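Presented below is the structure to which this report refers.
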Amino acid sequence: MAPGQIAASAKIDPQVGGHYQVFHSVAGRSVGGFDARIVELDRANRIGLDWGFWGPELDRGPRYDSRLAISFYPIPSGTRLLLVHDKLEDLNAALPEVAAHVDVGWQDVLATLAMVIE
């Protein structure tokens, strides 16, 4: 989720070629979302997604593609998660205010995940 936004809906088809979609709203108004196609799924080790950002028009407007890779590494105390979100040039050129919040958004997601699994 993006900082300060509420996920209005989410869908996932957890298989290679499937999609992960999240749509955001603020005060009941669409502000955009994500549509990611799962391109790699090794449940114990790695998830790769072609990640698309949508603006308020969702699939009726432009889509800004990027790449997200999530890798899992066993360590003595549990599992280390490495998240790399790159190829954000198109998003940065079109919506720099959104691109500027990608890191903060992932920090929020990972902090929430840490609270849930502890």
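Letter by letter, the sequence shown follows residues 1 to 118 in full-length UniProt numbering. Glycine is no exception: its CB is placed at the ideal position from the N, C-alpha and C atoms. Fair warning: this is a prediction, and the values are worked out from it, not measured in the lab.
Requested in this report: Indicate the three-state DSSP secondary structure (helix, strand or coil) for Gln15 in the structure shown.
Outcome: Three-state DSSP puts Gln15 in coil, outside helix and strand.
Report task. Give a yes or no on whether the C-beta atoms belonging to Phe72 and Asn92 are separated by under 7 angstroms. Result -> The answer is no: Cβ separation not under 7 angstroms.
Query raised in the report: Hey, would you say Asp65 sits closer than 7 angstroms to Gly48, going by beta carbons?
Result: No, they are not a contact pair.
Query raised in the report: Taking just the CA atoms, how far does Ala27 sit from Arg43?
Result: 36 angstroms
Report task. Give every residue of the same chain whose Cβ lies closer than 7 angstroms to the Cβ of Gly61, excluding the five residues on either side of it in the sequence, and list them in chain order. Result -> Trp54, Gly55
**Report entry** Glu89 versus Val104 - alpha carbon distance
**Finding:** 17 angstroms
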